[in-house]
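Participant: As you go down the protein sequences, you meet chains A and B in turn. So the first sequence is numbered by this note's numbering: it starts at 1 and just counts up by one. So the second sequence is numbered by this note's numbering: it starts at 1001 and just counts up by one. Even glycine gets a Cβ: it sits at the ideal position worked out from N, Cα and C. Here it is: the structure, laid out below.
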Amino acid sequence: GAVVSQHPSWVICKSGTSVKIECRSLDFQATTMFWYRQFPKQSLMLMATSNEGSKATYEQGVEKDKFLINHASLTLSTLTVTSAHPEDSSFYICSARPTGRSYEQYFGPGTRLTVT
Amino acid sequence: DAKTTQPPSMDCAEGRAANLPCNHSTISGNEYVYWYRQIHSQGPQYIIHGLKNNETNEMASLIITEDRKSSTLILPHATLRDTAVYYCIVRVAGDTGRRALTFGSGTRLQVQP
């Protein structure tokens, strides 16, 4: 149980284009989902917190207009990287917290984004 | 959330126990100790968590000192697949806790054949 999936697992896009990454909780509902970014040899950095039906909360230094987050249902959150640039190339990981179980947080397998 | 300190790297022989330490000297009474690991190019995987009692599950054991200022994650029989970065995280749990887990640098465990 408590499986989180991400799609795609990897994506290559050209500079200036937009890329959407999906995060799904497969066997539980998640009122809250989180998006992290991880650069090579670094730790995970929280980008934003999304709550179903409301606007996402972004961490300091993360551009909300560049990283669009939509959490339209209790099992799906999407991250859209708009006008991607090579410096956006990174490993993006989503995480979901089961509704009513705030001490648990489950992670997706990550999406490798390469912007050429 | 309380700050944690972990050694940057450790080696362990395959089949032996891996003991990963974590210091959290500023931990508060309502903060739990969580352990996650991240195998290369994968998302973090939950291992175990505890408040003050020692905990054991099918993956590992968690030993928390009586003063709760440090803990040790024990992988009883390490295998090559246990090679990963292990993160010790301290945070408040509860229905009102809505913050995400935050990750430090972790300990890179290399299990040697």
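Enumerate in chain order the residues of its own chain whose CB-to-CB distance from HIS85 of chain A is below 7 Å, with the five nearest sequence positions on each side excluded.
Facilitator: Around HIS85 of chain A: SER15 and VAL115.
Participant: Give the DSSP bridge partners of PRO1021 of chain B, in chain order.
Facilitator: B:THR1072, per the DSSP bridge assignment.
Participant: From this set, A:PRO8, A:THR82, A:LEU113 and A:THR75, which residue's C-alpha is nearest ARG97 of chain A's C-alpha?
Facilitator: For ARG97 of chain A, the nearest C-alpha among the options comes from A:THR75.
Participant: Between PRO1044 of chain B and chain A, is the shortest Cβ-Cβ distance under 8 Å, so that the two count as touching?
Facilitator: So, interface residue.
Participant: Can you check whether the CB of PHE107 of chain A is closer than 8 Å to the CB of VAL11 of chain A?
Facilitator: Not a contact, by the Cβ cut-off of 8 Å.
Participant: Need the endpoints of the beta strand (DSSP E) that LYS20 of chain A sits in, please.
Facilitator: That run of the beta strand (DSSP E) goes 19-25.
Participant: Can you name, in chain order, every residue of its own chain whose Cβ lies under 6 Å from the Cβ of SER1009 of chain B, other than the five neighbours on each side?
Facilitator: Within the same chain, SER1009 of chain B has close Cβ partners ARG1108.
Participant: If I follow the unbroken beta strand (DSSP E) through ALA1078 of chain B, where does it start and stop?
Facilitator: Run containing ALA1078 of chain B: none; DSSP gives neither H nor E here.
Participant: Put THR1004 of chain B into one of helix, strand or coil per three-state DSSP.
Facilitator: It is coil, neither helix nor strand.
Participant: Strictly by DSSP, which residues pair up with THR32 of chain A?
Facilitator: Looking at the DSSP assignment, THR32 of chain A forms a beta bridge with A:ASN51 and A:ARG97.
Participant: Let me see if you follow: with CB-CB separation under 8 Å, is LEU1073 of chain B close to chain A or not?
Facilitator: Judged by the 8 Å Cβ criterion, LEU1073 of chain B is not in contact with chain A.
Participant: Do you know offhand how far ASN1053 of chain B's Cα is from SER1071 of chain B's?
Facilitator: So the alpha carbons of these two residues sit roughly 11 Å apart.
Participant: Could you check if ASP1095 of chain B is buried or exposed, using at least 16 other CB atoms within 10 Å of its CB as the buried criterion?
Facilitator: At ASP1095 of chain B the pLDDT is 43, less than 50, meaning the model places this residue with poor confidence and gives no usable figure here.
Participant: When the Cβ atoms of the stretch 36-49 of chain A are set against those of the stretch 59-68 of chain A, are three or more pairs found closer than 8 Å?
Facilitator: Touching, yes.
Participant: Please report how far the alpha carbon of GLN6 of chain A lies from the alpha carbon of SER1028 of chain B, in whole angstroms.
Facilitator: Cα to Cα, the separation comes out at about 35 Å.
Participant: Would SER95 of chain A pass as an interface residue toward chain B - the criterion being a Cβ-Cβ separation below 8 Å?
Facilitator: Yes, contact with chain B.
Participant: For ASP1067 of chain B, does the three-state DSSP call read helix, strand or coil?
Facilitator: If DSSP states are grouped into helix, strand and coil, ASP1067 of chain B belongs with coil.
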